[in-house]
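To keep things clear, I will list the structure first and then write my remarks on it.
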Amino acid sequence: MPTSYLSGLICSTCGNPFSADQVQTFCPDCQATLLAAYDLESARRHADRDEFSRRTKGMWRWREFLPVREEANQITLGEGDTPLLPIPKIAKALGLTFLYVKEESANPTGSFKARGLSAAISKAKELGIEKVVIPTAGNAGGAMASYAARAGLQAMIYMPKDTPRANVEESRIVGAEVVLIDGLISDAAGMAGIKAREEGWFDVSTFKEPYRTEGKKIMGYELAEHFKWELPDVIVYPTGGGTGLVGMWKAFQEMEALGWLKNKKRPRMVSVQASGCAPVPRAFEKKAAFCDFWTNASTIASGLRVPKSFADHLILKCLYESNGTAIAVDDEQIMKAQKELAVAEGIFAAPEGAATYAALKDLVAQNWIQADERVVLFNTGSGLKYLDRT
Ligand SMILES: *Cc1c(COP(=O)(O)O)cnc(C)c1O
Ligand SMILES: [Zn+2]
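Here it is in structure tokens:
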């Protein structure tokens, strides 16, 4: 087997191909994200599913379906293979039988952003990129800074000045330059874009480069493996940019093409946002193909404070195709859910993660979830990262 079956990149809108051995951003014609393609036909013949389960734990054990060609370029801090924890007390209280938390706070830098940035920084290094810039609501900046330090790349970060203090400190200590701005992540994105164009920094913004999605999709491979190559019935995902949602949906398609899945059943994907910034639930309600920009976005769940994702179209497509839904919960519900999850199960979730539990309560009350369905909540980060605001 090759180290990676990566065959190229494809525009998610027009389907045009792009080389994966040159630096790429997004499709210039469609202003749409590029997705990595793999030679899955060849992989289907040569890749033995069960061999992956015998390898040393971590995200890179799936290297054949990650975009890096040389093993020496895999920049790892031990990301991936996070626990899938049953939460039986909460399950019982809700009348459910199979309820789990995918505990992503166990990742390096305390959030699942590590997965995406491990993949993106590794590929950037492989392509000879020397300096990287990112606009961030917080955790992506910290993760990028750490992987850039390990790869020996220069890092620059734009974040709103009210981002949790942990994100500023974790970025600075590993050597990144942090610029605190008076505005939201969308304003930070504008500034990072200018920096990229004028000074040749590579912009690692969500979906504006192809590879963060690849790191995050591995959550889908891990779930399939855990459930013995069937998939859970419902996945509840706190959505900002939507990388993990779109990534897992892509992983399910890849595993289908590989012949790894026992049946055609797919999880219903649930996108959770905060009522102070809920472009996805609003668009979903209208059955729209795109989101409207959410003005005056505000929530304690900083990772969800994304007024409009660059890949809003792909997020919504995944919700429609999976018979999923989108739901907003307010900050009060989030704080209550955070406390309940901590007391009942010992999990100190990030507000974004707690939001999935708050949403689950609503979904159960609406009978949208049945008692015997297997449900996975995502706790995407550690509550410890939100203790202090700048
Ligand atoms: C970034 C972030 C999210 C949103 O993730 P996306 O894949 O961009 O939608 C959720 N939770 C936390 C803790 C985050 O840092
Ligand atoms: Zn295109």
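If you read the sequence shown in my numbering, its first letter stands for residue -5, the second for the next number, and so on. Cβ atoms here follow ideal geometry from the backbone N, Cα and C, with glycine treated the same way.
Practice prompt. Name, in chain order, the residues that DSSP records as bridge partners for D197.
Written response: Its beta-bridge partners are V127.
Worksheet entry | Short Cβ contact (8 Å threshold) for S47 with P129 | For S47 and P129, no; Cβs fall outside 8 Å.
Worksheet entry | C-alpha distance - T76 paired with E216, whole-angstrom precision | When rounded, the distance between both Cα atoms is 9 Å.
Worksheet item: Given that a residue counts as buried once 16 or more other Cβ atoms are within 10 Å of its Cβ, and exposed if not, what is D42?
Response: It is exposed - the Cβ of D42 has fewer than 16 other Cβ atoms within 10 Å.
Discussion item. According to DSSP, is V240 part of a helix, a strand, or is it coil?
Written reply: Correct three-state label for V240: helix.
Practice prompt. From the DSSP output, read off the bridge partner residues of V95.
Written response: Looking at the DSSP output, V95 bridges to L79 and L371.
Worksheet item: For the candidate residues L252, A118 and S180, whose alpha-carbon lies nearest to that of A291?
Response: Nearest of L252, A118 and S180 to A291, Cα basis: S180.
Discussion item. Taking the alpha-carbon of K119 as reference, which of R144, K96 and I229 has the nearest alpha-carbon?
Written reply: Answer by Cα proximity: R144.
Practice prompt. Enumerate in chain order the residues of its own chain whose CB-to-CB distance from A87 is below 6 Å, with the five nearest sequence positions on each side excluded.
Written response: Closer than 6 Å at Cβ, skipping near neighbours: no residue.
Worksheet entry | Beta carbon nearer than 5 Å to a non-hydrogen atom of ligand 1 | A residue is listed when its beta-carbon falls short of 5 Å from at least one non-hydrogen atom of ligand 1; in chain order these are S105, N133, P232, T233, G234, G235, G236, T237, G238, G297, A344, E346, T374 and G375.
Fill in: Reduced DSSP secondary structure (H/G/I, E/B, other) of L174
Looking at L174 - three-state DSSP - the assignment turns out to be strand.
Worksheet entry | Classification of F304 by the beta-carbon crowding that lies within 10 angstroms, buried from 16 upward | Under this definition F304 is a buried residue.
Worksheet item: So S105 is in the beta strand (DSSP E); what residue range does that whole segment cover?
Response: Looking at the DSSP string, S105 is not in any beta strand (DSSP E), and its letter there is neither H nor E.
Practice prompt. Just the C-alpha distance for T384 and E163, rounded to the nearest angstrom, thanks.
Written response: Note that T384 scores 47 on pLDDT, short of 50, meaning its location in the model is unreliable; the coordinates nonetheless yield the value given after this. Straight across, the Cα-Cα distance linking T384 with E163 is about 10 Å.
Practice prompt. Would you list the residues whose beta-carbon is nearer than 5 Å to any heavy atom of ligand 2, in the order they occur in the chain?
Written response: Residues with a Cβ closer than 5 Å to any heavy atom of ligand 2, in chain order: C5, T7, C8, C21, D23 and C24.
Practice prompt. Determine the burial state of C8: buried for a count of at least 16 other Cβ atoms within 10 Å of its Cβ, exposed for fewer.
Written response: Residue burial is scored here from C-beta neighbours: C8 has fewer than 16 other C-beta atoms within 10 angstroms and is therefore classed as exposed.
Fill in: 7 Å Cβ shell around D23 - same chain, five flanking residues per side excluded
So the qualifying residues of the chain are C8.
Worksheet item: Which of the three DSSP states, helix, strand or coil, is assigned to G2?
Response: Here DSSP, grouped into helix, strand and coil, assigns G2 to strand.
Fill in: H220 versus M213: straight-line alpha-carbon distance, rounded
Distance between the alpha carbons of H220 and M213 is about 10 Å.
Practice prompt. Going by CA-CA distance only, name the one from I69, L78 and E73 that's closest to A218.
Written response: That would be L78, whose Cα lies nearest to the Cα of A218.
Fill in: Own chain residues within Cβ distance below 6 Å of W288, not counting five before or after
If we look at W288 and ignore the five residues flanking it on each side, its Cβ neighbours are C271, P273 and P301.
Worksheet item: From D176 to A85, what distance separates their C-alpha atoms?
Response: About 42 Å.
Worksheet item: For C312, does the three-state DSSP call read helix, strand or coil?
Response: Three-state result, C312: helix.
Worksheet entry | Own chain residues within Cβ distance below 8 Å of A394, not counting five before or after | There is no way to answer for residue 394, as the model of the chain reaches only from -5 to 384.
Fill in: Separation of M(-5) from I321, as counted between CA atoms
I321 and M(-5) have their C-alpha atoms some 42 Å from each other.
Discussion item. Tell me which residues share the same chain as A338 and place their Cβ nearer than 6 Å to its Cβ, disregarding the 5 neighbours each side in the sequence.
Written reply: The beta carbon of A338 sits closer than 6 Å to the beta carbons of K83 and I84 from its chain, once the five residues preceding and following it are set aside; these are given in chain order.
Discussion item. Counting beta carbon pairs with one atom in the stretch 60 to 72 and one in the stretch 326 to 344, are three or more of them shorter than 8 Å?
Written reply: When Cβ pairs closer than 8 Å are counted between the two stretches, the stretch 326 to 344 is seen not to touch the stretch 60 to 72, the count staying below three.
Fill in: Distance CB(L225)-CB(F246) smaller than 8 Å
With contacts defined as CB atoms closer than 8 Å, L225 and F246 qualify as a contacting pair.
Practice prompt. Pull up the CB-CB distance for E346 and T374, whole angstroms please, since I reckon it's below 8 Å.
Written response: E346 to T374, Cβ: 5 Å. Contact.
Discussion item. Helix, strand or coil for Q364? Go by DSSP, reduced to three states.
Written reply: Correct three-state label for Q364: coil.
Item to complete: Report the option in G377, L34 and I188 whose CA atom is closest to the CA atom of V126.
Response: Considering only G377, L34 and I188, the residue with the shortest C-alpha distance to V126 is I188.
Item to complete: Run the CB neighbour count on Y380, radius 10 Å, all protein chains shown included, and call it buried at 16 or more, exposed below.
Response: Per the 10 Å Cβ criterion, buried.
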